[in-house]
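If you use full-length UniProt numbering, the sequence shown closes out at 303, no skipped numbers anywhere.
Using N, Cα and C, we set each Cβ at its ideal position, and we do this for glycine too.
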Amino acid sequence: MKKSILVVGSINMDLVVEVRGLPQKGETVFGETIRYVPGGKGANQAVAASRLGTQVSIIGKVGKDHFGEQLLDFLKKEKLSLKGVSRSSIPSGLAVITVDGKGGDNTIVVLKGANTEVNVDYIEKHSELIKKANVITSTYETPQKSVEKLFGLAKKFGKTTMLNTSPVLKTAESLWRKVDYLVLNEKELSFYAGSKKRLEDIEEMIKAGKKLLDKGVQNVIVTIGPRGAVTVTKDKVIRTEGLKVNAVDTTAAGDCFTAALATQINSGARLEEALDFANQAAAISVQRWGASSSLPYLHEVKE
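Next comes the structure, spelled out in C-alpha cells:
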C-alpha cells in the first residue's frame, strides 16, 4: 500500500482583497480586487500534498452553508479522501486576507467557525485514519487539545508527526516531545524560545532552535521568507538558501512549504533533499495569487 499523509486542520473560505500598501492602524485604503478562494491551513496543506503526488486524507469540518458546499466540492476535485470531514450547524470558517499587491505581504484575520468542532472526541472518532497514515500533520488553527490527542495517538501508532505552530499559542510542554518536525517562522520561534525580540540573525535562530530541541522536539525548521530556511537537528544545522523570485502573494507559502516537506519525509527522502524540494515548491506558490490556487503540481517543482 502506498504511504499516505493525514492532515488535521482548518478548512476555510478565504476572502482575499488586494491593496496597494497594507493599511496602518486607523487608516482606510481602497481595495483593487476581491477573490473568494478555498483555504485554511489544513486544506492548503492537504491540497498541496495531493498535487505533489501523495495520497492524502484530511480531518476537518465545514458548515451547512454555501461556503461549505463549495469547499467540499473543491476538496473532492483535488482527489482528497474526505472520510474525516463532516458538516456542522456552525458556519464554515472564514479568513479575511489583505494582500499588498506591491510585494505580496499580507495580514490575515481568521473566523474559526466550524473548525472549532474538530475537538478531542472528533479526533478519537477518526483514529482509524491516524492508524492508516504514515505522516500526520497539523497546525494551531486546530484546537490545541485536539492536536495533543492527535499526536498522542500518532506516537502510540508509531507515526511521524509534523506541527506548524501557527497561529502562536502557549504550548503544553508535554506536546513538544511528540513532535518529530516543527515548522515555524522567525516570529513564532521568538515566542516559543522565550526571546523578547524578533530573531533575525541566523546564529540567534540556531540557538533558539536548540532550546526547542531541549524541550523534546526532534527537528526544528525555521522558515525565513525570501531568505529560505534554517533547520536545527540534534546532529547538525542545515541552511537552505532562498530562491530569488518575484513574489506577489505569500499567503500560502508556509502551508506549501510544510506540505511539500511532509511529502518528501513520507517518501523517505534525506532531510536536506526534502528541504530543497519544499523551498522550491514554496517559491513557486508566492509567484501566484490566492492560497490553494497558488499551490504547484509535482511536474512544476521538478522542472
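Rounded separation between residue 15 and residue 235 - CA only: In a straight line, the C-alpha of residue 15 is about 43 Å away from that of residue 235.
Straight-line gap, residue 117 to residue 167 (C-alpha atoms, nearest Å): Taking the straight line from one Cα to the other gives about 18 Å.
Exposed unless 16 or more other CB atoms sit within 10 angstroms - verdict on residue 44: It is buried - the Cβ of residue 44 has at least 16 other Cβ atoms within 10 Å.
For residue 114 and residue 61, believed in contact at Cβ under 8 Å, the rounded distance: The C-beta separation of residue 61 from residue 114 comes to about 4 Å, placing the pair in contact by the 8 Å criterion.
Rounded Cβ spacing between residue 230 and residue 205 (contact assumed at less than 8 Å): Contact flag correct, Cβ pair sits at about 5 Å.
Inter-residue CB distance, residue 260 and residue 281 (contact presumed, cutoff 8 Å): Rounded, the Cβ-Cβ distance is 4 Å, consistent with contact.
Contact the segment 121–133 vs the segment 22–31: 3+ CB pairs below 8 Å: They do not touch, by the three-pair rule.
When 92, 58, 93 and 102 are compared against residue 31, the one with the closest alpha-carbon: With distances taken between CA atoms, residue 31 lies nearest to 102 out of 92, 58, 93 and 102.
Identity of the residue in 251, 228, 252 and 255 nearest residue 242 by Cα: Residue 242 has its Cα closest to that of 228, out of 251, 228, 252 and 255.
Identity of the residue in 67, 91, 76 and 106 nearest residue 290 by Cα: Minimum Cα distance to residue 290 is reached at 106.
Helix, strand or coil at residue 18 [DSSP, three-state]: Note: residue 18 maps to strand in three-state DSSP.
Minimum length 3: unbroken beta strand (DSSP E) runs contained in the segment 49–117: Taking only runs of at least 3 residues, the beta strand (DSSP E) segments lying wholly in the segment 49–117 are 55–63, 81–88, 93–100 and 106–111.
Cβ shell of residue 199 (< 7 Å), same chain only, five flanking positions each side left out: Within the same chain, residue 199 has close Cβ partners 186, 189, 190, 205 and 208.
Cβ neighbours of residue 247 in the same chain (closer than 6 Å, five flanking residues each side left out): So the list reads 104 and 286, once near-sequence residues are dropped.
Bounding residues of the beta strand (DSSP E) (the contiguous stretch that carries residue 36): Counting along the chain, the beta strand (DSSP E) containing residue 36 begins and ends at 31–39.
Cα-Cα separation between residue 140 and residue 157, rounded to whole angstroms: Cα to Cα, residue 140 sits roughly 22 Å from residue 157.
Inter-stretch contact at 8 Å, needing at least 3 Cβ pairs: the segment 65–81 / the segment 145–153: They do not touch, by the three-pair rule.
DSSP state of residue 246 mapped onto helix, strand, coil: For residue 246, the secondary structure class from DSSP, reduced to helix, strand or coil, is coil.
Neighbourhood of residue 274 by C-beta distance below 6 Å, restricted to the same chain and skipping five residues each side: The beta carbon of residue 274 sits closer than 6 Å to those of 261, 264 and 265, all from its chain and outside the five residues before and after it, given in chain order.
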